[in-house]
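Trainee: Structure incoming, see below.
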Amino acid sequence: MKVAVVTGASRGIGRATAAALGAAGWKVALGYRNDEAEARAAAASIEAAGGAALAVRLDLLDEASIADAFRVATDAFGPVTGLVNNAGYSKDGLIVKYAADAYDLTMDTNVRGAYLCAQAALRTMLRARWGRIVNVSSAIAIRANAGQSAYATSKTALLGLTRALAREVGARGITVNAVCPGLVETEMTSHLDDDARRFYVDQTPVGRTATLEEVAAAVVFLMSDAASYVNGVTLPVDGGLTA
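Numbering that gives the first Met the number 0 puts the first residue of the sequence shown at 0, with every later residue one more than the last.
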């Protein structure tokens with residue numbers, strides 16, 4: 000039984016990934032923090048296409064909310080054997096003026112939340128002796144930019160978590176990998192002006208931004224049986240930006 004929890008699944012990469020997993024035969028719990036209506040709409044779309052899905056509130060800043068979400072997913076579909084740590088937070092700013100509370104929010108969301116979700120998922124994966132975890136990091140973890148020190152720190156930490164867990168649980172039939180998307184048109188990148196977008200595209204050999212579906216396809220591969228010998232890998236999905 001393939002049951003996946005996808006965090007931050009009400010929109011963007013998370014929503015596209017949930018849809019792709021549903022199409023690939025996974026039962027999917029779409030985690031959301033605030034946008035219940037969009038998460039429910041995304042789940043309904045998966046079900047309309049013949050899949051199985053539900054929306055579940057999952058606040059990465061609240062350990063009890065994480066536990067509740069995994070319990071709801073398990074009660075509905077069975078033991079969780081897949082996790083996509085997609086939800087994230089970003090606020091740009093130069094370090095000399097960067098507020099400590101913004102740094103804490105970035106780290107708590109992007110690192111602590113992913114850590115706690117992995118902990119919750121592994122409780123069932125270890126019993127099943129099979130599982131897939133994919134952490135959605137960022138090309139910024141490989142090729143950092145000025146003004147993104149907090150975000151780059153958090154996304155680089157996710158790569159460390161990926162490698163450590165891959166060694167920790169690989170012998171139990173569980174793989175842990177990461178994808179590093181380049182520029183994708185999502186709400187998180189909506190603050191970029193035309194000059195910033197042009198800069199990223201100019202630095203990308205394929206000369207364009209990624210689609211949500213391209214990132215989702217990479218995640219689905221890493222979640223699949225075909226990727227059973229892929230473990231501890233960081234996969235850039237960035238058109239060559241970090242080449």
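Even glycine gets a Cβ: it sits at the ideal position worked out from N, Cα and C.
With 16 other CB atoms within 10 Å as the buried threshold, where does S227 fall?
Mentor: So S227 ends up on the exposed side.
Trainee: Compute the distance between the beta-carbons of I132 and L125, then report whether it is under 9 Å.
Mentor: No, the Cβ-Cβ distance between I132 and L125 is not below 9 Å.
Trainee: Per DSSP, which one or two residues make a beta bridge with T161?
Mentor: According to DSSP, T161 bridges with nothing at all.
Trainee: Whole-angstrom Cβ separation of V205 and G172, contact assumed at under 8 Å?
Mentor: So it is not a contact: roughly 35 Å between Cβ atoms.
Trainee: Within 10 Å of its beta-carbon, does A63 have 16 or more other beta-carbons around it, so buried, or fewer, so exposed?
Mentor: Classification for A63: exposed.
Trainee: Can you name the residues that DSSP bridges to K144?
Mentor: At residue 144 the sequence reads Asn, which differs from the Lys that was named. In the DSSP output, where bridge partners are listed per residue, N144 has none listed.
Trainee: How would you call L20, buried or exposed, if buried means at least 16 neighbouring beta carbons within 10 angstroms?
Mentor: Classification of L20: buried, given that the 10 Å Cβ count is 16 or more.
Trainee: Give every residue of the same chain whose Cβ lies closer than 7 Å to the Cβ of V229, excluding the five residues on either side of it in the sequence, and list them in chain order.
Mentor: Closer than 7 Å at the Cβ level, and outside the excluded window around V229, lie T174, N176 and L221.
Trainee: Starting from Y31, trace the beta strand (DSSP E) in both directions and tell me its first and last residue.
Mentor: First-last of the beta strand (DSSP E) with Y31: K26 to Y31.
Trainee: Identify whether L115 lies in helix, strand or coil by the three-state DSSP scheme.
Mentor: Of the three classes helix, strand and coil, the one that applies to L115 here is helix, per DSSP.
Trainee: Exposed or buried, what is R14 when buried is set at 16 or more other beta-carbons lying within 10 Å of its beta-carbon?
Mentor: Flag for R14 reads buried.
Trainee: Roughly how far, in whole angstroms, is the beta-carbon of L157 from the beta-carbon of S136, given that I think they are within contact range, below 8 Å?
Mentor: So it is a contact: roughly 5 Å between Cβ atoms.
Trainee: For V178, name the three-state secondary structure that DSSP assigns.
Mentor: Strand.
Trainee: Near A165, which residues of its chain fall below 6 Å by C-beta distance, leaving aside the five closest residues on each side in sequence?
Mentor: These residues qualify, in order along the chain: V175, N230 and G231.
Trainee: Leaving out five residues on either side along the sequence, give the residues of the same chain with a beta carbon under 6 Å from the beta carbon of A86.
Mentor: Within the same chain, A86 has close Cβ partners T6, G7 and L59.
Trainee: Just list the residues that DSSP pairs G130 with in beta bridges.
Mentor: The partner list for G130 (beta bridge, DSSP) reads I173.
Trainee: With DSSP as the reference, label R56 as helix, strand or coil.
Mentor: Looking at R56 - three-state DSSP - the assignment turns out to be strand.
Trainee: Pop quiz: A151 and A140 are said to be a contact at Cβ under 8 Å. What is the actual Cβ separation, rounded to whole angstroms?
Mentor: A151 to A140, Cβ: 6 Å. Contact.
Trainee: Give me, in chain order, the residues of the same chain whose beta-carbon lies closer than 8 Å to that of A23; leave out the 5 immediate sequence neighbours on both sides.
Mentor: The answer, listed in chain order, is V219, M222 and S223.
Trainee: Any idea what DSSP makes of N109, helix, strand or coil?
Mentor: N109 falls in the helix class under three-state DSSP.
Trainee: What are the boundary residues of the alpha helix (DSSP H) that includes V71?
Mentor: That run of the alpha helix (DSSP H) goes E62 to F76.
Trainee: Hey, L57 and I65: beta-carbon distance below 9 Å or not?
Mentor: Closer than 9 Å, so yes.
Trainee: Roughly how many whole angstroms lie between the Cα atoms of F76 and A51?
Mentor: Taking the straight line from one Cα to the other gives about 9 Å.
Trainee: How far does the alpha helix (DSSP H) with A215 in it extend, from its first residue to its last?
Mentor: Run containing A215: L211 to M222, per the alpha helix (DSSP H) assignment.
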